[in-house]
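Enquirer: Numbered according to the working numbering, the sequence shown spans residues 801 to 1320.
Think of the CB as a built atom: it goes at the ideal place given N, C-alpha and C, for glycine as much as any other residue.
Quantities reported herein were computed from a predicted structural model and do not represent experimental measurements.
Below: one structure in structure tokens.
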Amino acid sequence: MFLSTITQKIKNFFTNYLLFFLTGFFLIFSFPKFDLYFIPWFVFIPVLITLYDKKEGISFKAGFLLGLVYFFGTTYWIYHALYVYGSIPYLVSILIVLLLSSYLSLYTAFFCMLYSNLIKNTNIPALILAPTLWTSLEFIRSYLFTGFPWASLGYSQYKFLPLIQFADITGIYGVSFIILSFNGLIADIFFIKKLKDKKPLFSLSPILFSSICLLIIAIMIFSYGFYKISQDRDGSYIKVAIVQGSIDQDKKWDLSYQNMVLNTYENLTLKTNSFSPDLVVWPETALPFIFGDDKALTNRLISFQKELNSYLLFGSILIRGTEGKKVKLSNSAVLLNKNGNISYIYDKIRLVPFGEYVPLKSFLFFIDKLVYGMGDYTPGDSYLRAITPFGTFATLICYEIIFPGMVRKFFIEDGDFIVTITNDAWFGYTNGPYQHFSMAVFRAIENRKPIIRAANSGVSGYINSNGKILNTSNLFERTFLVKELKKDKTKTFYTRYGDIFSYLCLILSFVFYFSSKKNL
801 MFLSTITQKI KNFFTNYLLF FLTGFFLIFS FPKFDLYFIP WFVFIPVLIT LYDKKEGISF
861 KAGFLLGLVY FFGTTYWIYH ALYVYGSIPY LVSILIVLLL SSYLSLYTAF FCMLYSNLIK
921 NTNIPALILA PTLWTSLEFI RSYLFTGFPW ASLGYSQYKF LPLIQFADIT GIYGVSFIIL
981 SFNGLIADIF FIKKLKDKKP LFSLSPILFS SICLLIIAIM IFSYGFYKIS QDRDGSYIKV
1041 AIVQGSIDQD KKWDLSYQNM VLNTYENLTL KTNSFSPDLV VWPETALPFI FGDDKALTNR
1101 LISFQKELNS YLLFGSILIR GTEGKKVKLS NSAVLLNKNG NISYIYDKIR LVPFGEYVPL
1161 KSFLFFIDKL VYGMGDYTPG DSYLRAITPF GTFATLICYE IIFPGMVRKF FIEDGDFIVT
1221 ITNDAWFGYT NGPYQHFSMA VFRAIENRKP IIRAANSGVS GYINSNGKIL NTSNLFERTF
1281 LVKELKKDKT KTFYTRYGDI FSYLCLILSF VFYFSSKKNL
């Protein structure tokens, strides 16, 4: 009896869940460092077909399993910061990542449940239904509970430049939509026998209909993509140097290493002088002291800057007042002009939960920050841009670059290029730093702005306004890069109007859902 029960459960797993497990597993390989970006174009086809015959409860659990594998495989690297630098036991750090993955998996679970219900109870083809639901849930995930848009499906296509150029209209979410649309088209062909009586449109000529849809979509997207890539937009050039100090995390705030850290950045910067850059960029929190508070080291940096014939942008902790006995700190970017004067300061707006602050602290009073630092940071509240003789730019700090809706706000009025500074040393040699870099490709395309990325340990590099990666550094390499970039003043549809496409998907999702209730 016991053996037969176990056998039945194994059979049920293979019947109901194995396909979803494998789908989540294969999706992992579509992201850096694997970059097998063709996988998402086919991997959902069996899932979309299978969900037609599943009950809502099983669909939800199957979708949860798909997401658990998918998200754990693409965010596992978080454990490295918790375990190596947060002094959290290995198994506990893995458990924390599993909990995060479980939360993210709720979105794929709801997708599978809603799709399973609506594909049976409406006349909406998978071609439209699947991408609309998926895009809506990805968009919600980007904002709900502070938002965590990591591993959005569209990011897997960052190297497929002719395809992704239309992100300057729809944002990253449009790319996810197209991927699911293609999977839906193929699924619809398999649905012919089941749907010919329910969906008159398909009874005419389903294969021809699907082929024409696919052909029209492909022609429009690739025509637009090749046009944008070949377009010669107006813009002058700027020469920018990136300094990658590759400072070990355990030395970064050790007072005995202050001189070593400063010497490293100064010596590398002096090597860029022969290239005569307009701007030199140091990474997030590059300074091993609080700029302006430590007078001796602040004066040393300013004296050094005066020797350069270029602007210097660097990341630093700043004191932003006091709250009782507690000092208020910000994670900031500071720009010094050629005379060593401060010409721009930007305070990071979007702080990392549990890394730079504890959300819901009154409830989660028992949780301190998970990574080593100098105290809870105070978020900035102004979308400031630096205005210089060589152009206007915004500085996105660390994971701010992964939020498309935030980045566009800096450029609604004006702008020439984007600088992003970060410290991905927390994540070692894992896939995390490569994924983080790849997401910047879409911010370049969405806003048609070239990107300069300076990372403490890498990946540092340059991306043009078409999303082409021009040059990159290696991880944990102490080096510098110099590149001439063409500025771009283009103001895109996405920059002007934001996530209209995603809101349309949300509205359609509600319409589909309530229309299905009427049909029951």
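Keeping to the same chain, check which residues put their C-beta closer than 8 angstroms to that of residue 1076; ignore five residues upstream and five downstream.
Expert: 1039, 1109 and 1110
Enquirer: Work out the CA separation of residue 874 and residue 1229 for me, nearest whole Å.
Expert: 14 angstroms
Enquirer: Among 975, 1052, 986 and 1031, which residue has its Cα nearest to the Cα of residue 1021?
Expert: Considering only alpha carbons, the answer is 975.
Enquirer: By the 10 Å Cβ neighbour count, where 16 or more other Cβ atoms means buried, how is residue 1018 classified, buried or exposed?
Expert: Looking at its Cβ environment, which holds fewer than 16 other Cβ atoms inside 10 Å, residue 1018 is exposed.
Enquirer: Taking only the alpha-carbon atoms, compute the straight-line gap between residue 1246 and residue 1215 and give it to the nearest angstrom.
Expert: Distance between residue 1246 and residue 1215, taken at the CA atoms: about 13 angstroms.
Enquirer: Under 8 angstroms: do the segment 883-892 and the segment 944-956 share three or more Cβ pairs, one atom per stretch?
Expert: no
Enquirer: Three Cβ pairs or more, each shorter than 8 angstroms: is that satisfied between the segment 1240-1257 and the segment 1083-1097?
Expert: yes
Enquirer: Using a Cβ-Cβ cut-off of 8 angstroms (strictly less than) and excluding sequence neighbours within five positions of residue 1203, which residues of its own chain qualify?
Expert: 942, 947, 949 and 1150
Enquirer: Within the continuous alpha helix (DSSP H) that includes residue 842, where are the two ends?
Expert: 840-843
Enquirer: Can residue 908 and residue 870 be called in contact, C-beta distance under 8 angstroms?
Expert: yes
Enquirer: Cβ atoms of residue 1089 and residue 1079: under 8 angstroms apart, would you say?
Expert: no
Enquirer: May I ask which residues mark the beginning and end of the alpha helix (DSSP H) holding residue 1100?
Expert: 1095-1107
Enquirer: Only counting the same chain, and skipping five residues up and downstream in sequence, which positions put a Cβ closer than 6 angstroms to that of residue 1121?
Expert: Cβ neighbours of residue 1121 beyond the five flanking positions: 1128.
Enquirer: For the beta strand (DSSP E) containing residue 1121, list its first residue and its last residue.
Expert: Run containing residue 1121: 1111-1123, per the beta strand (DSSP E) assignment.
Enquirer: Tell me where the alpha helix (DSSP H) around residue 824 begins and ends.
Expert: Note, residue 824: alpha helix (DSSP H), 818-828.
Enquirer: Please confirm whether residue 1219 and residue 1193 have their CB atoms less than 8 angstroms apart.
Expert: yes
Enquirer: Can residue 882 and residue 823 be called in contact, C-beta distance under 8 angstroms?
Expert: no
Enquirer: Considering only residues of the same chain and omitting the five flanking positions on each side of residue 1001, which have a CB-CB separation below 6 angstroms?
Expert: Since pLDDT at residue 1001 reaches only 49, below the 50 mark, its modelled position is unreliable, and no value is offered.
Enquirer: How many Å lie between residue 1248 and residue 989 at the Cα?
Expert: Distance between the alpha carbons of residue 1248 and residue 989 is about 37 angstroms.
Enquirer: Can you tell me where the beta strand (DSSP E) with residue 977 in it begins and where it stops?
Expert: No beta strand (DSSP E) contains residue 977, which is instead part of the alpha helix (DSSP H) from 972-990.
Enquirer: Using 8 angstroms for Cβ pairs, my map puts residue 1014 next to residue 979. What's the rounded Cβ distance?
Expert: That pair is no contact at about 13 angstroms.
Enquirer: Could you tell me the alpha carbon to alpha carbon distance between residue 1288 and residue 984, rounded to whole angstroms?
Expert: Straight-line spacing of the CA atoms in residue 1288 and residue 984 works out to 36 angstroms.
Enquirer: Touching or not, the segment 1293-1303 and the segment 904-919, by the rule of three or more beta carbon pairs under 8 angstroms?
Expert: no
Enquirer: Return the chain-ordered ranges of every alpha helix (DSSP H) run that is complete within the segment 1216-1273 and spans a minimum of 4 residues.
Expert: Counting whole runs of 4 or more residues, the segment 1216-1273 contains the alpha helix (DSSP H) stretches 1232-1247.
Enquirer: Roughly how many whole angstroms lie between the Cα atoms of residue 1027 and residue 1221?
Expert: 31 angstroms
Enquirer: What does the Cβ neighbour count give for residue 1297, buried or exposed, with the cut at 16 atoms within 10 Å?
Expert: exposed
Enquirer: Determine, using beta carbons only, whether residue 1197 and residue 1244 come nearer to each other than 8 angstroms.
Expert: no
Enquirer: Tell me, please, which residues DSSP counts as bridged to residue 1038.
Expert: 1285
Enquirer: Rounded to the nearest angstrom, what separates residue 918 and residue 1308 at their Cα positions?
Expert: 12 angstroms
Enquirer: What's the C-alpha gap between residue 1315 and residue 924?
Expert: 10 angstroms
Enquirer: Beta-carbon within less than 6 angstroms of residue 1064's beta-carbon, same chain only, minus the 5 sequence neighbours each way: which residues are those?
Expert: So the qualifying residues of the chain are 1045.
Enquirer: Sort out for me which residues DSSP pairs residue 1321 with in a bridge.
Expert: Lying before the first or after the last residue shown, residue 1321 is absent from the chain, which here runs from 801 to 1320.
Enquirer: Tell me the rounded alpha-carbon separation between residue 1140 and residue 961.
Expert: 40 angstroms
Enquirer: Can you tell me whether residue 1105 is buried or exposed? The criterion is at least 16 other CB atoms within 10 Å of its CB, across all chains shown.
Expert: Buried.
Enquirer: Please return the same chain residues whose Cβ sits closer than 8 angstroms to the Cβ of residue 863, not counting the five positions on each side in sequence.
Expert: 820, 905, 908, 909, 910, 911, 912 and 913
Enquirer: Going by CA-CA distance only, name the one from 951, 1285, 1236 and 1107 that's closest to residue 1073.
Expert: If we check each option's Cα against that of residue 1073, 1107 comes out closest.
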